[in-house]
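Asks: Numbering-wise (our numbering), the sequence shown opens with residue 349 and increments by one. By construction, the Cβ of each residue, glycine as well, lies at the ideal position given by its N, Cα and C atoms.
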Amino acid sequence: MLRIGFVGCGWVNQVHMRNLSGLEGVTLVAFHDLDETKAKAVAQEHDGEAYADAGKMLEAAELDALYVGVPPAEHGIETAAAKKG
Numbered sequence: 349m350l351r352i353g354f355v356g357c358g359w360v361n362q363v364h365m366r367n368l369s370g371l372e373g374v375t376l377v378a379f380h381d382l383d384e385t386k387a388k389a390v391a392q393e394h395d396g397e398a399y400a401d402a403g404k405m406l407e408a409a410e411l412d413a414l415y416v417g418v419p420p421a422e423h424g425i426e427t428a429a430a431k432k433g
């Protein structure tokens, strides 16, 4: 089972979420967005967990992959994810 988390719950990542959720062996488990209401709504739609803090999501969620769908100026979470392994 491939467990995927998302940083950013905007329309681009939502397209990825819809496509990935239909694949066998894939589970969308964790969602972070600066708009906590959006993260909660998307998490509920995919039966996952919403996080207000991306760093806490990386600590708490068991992830095999991470989609980072935020503007380039907000990147940095991928470095933290890589360090976590």
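Comparing C-alpha positions only, which one of Glu393, Val390, Tyr415, Gly353 sits nearest to Ala378?
Replies: Among Glu393, Val390, Tyr415, Gly353, the Cα nearest to that of Ala378 is on Gly353.
Asks: Give the range of the alpha helix (DSSP H) segment to which Ala413 is assigned.
Replies: Per DSSP, Ala413 belongs to no alpha helix (DSSP H); it is in the beta strand (DSSP E), 413-416.
Asks: Whole angstroms is fine: what's the gap from Asp324's alpha carbon to Asn367's?
Replies: Summary: the structure shown does not reach residue 324, with the chain confined to residues 349 through 433, and so no result is reported for it.
Asks: Once the 5 residues before and after Thr385 are set aside, which same chain residues still bring their CB inside 7 Å of it?
Replies: Nothing listed; no residue qualifies.
Asks: At which residue ranges does the segment 350-404 contain complete alpha helix (DSSP H) runs of 4 or more residues, listed in the order of the chain?
Replies: Taking only runs of at least 4 residues, the alpha helix (DSSP H) segments lying wholly in the segment 350-404 are 359-369, 384-393.
Asks: Considering only residues of the same chain and omitting the five flanking positions on each side of Leu411, which have a CB-CB separation below 6 Å?
Replies: So the qualifying residues of the chain are Arg351, Gly353.
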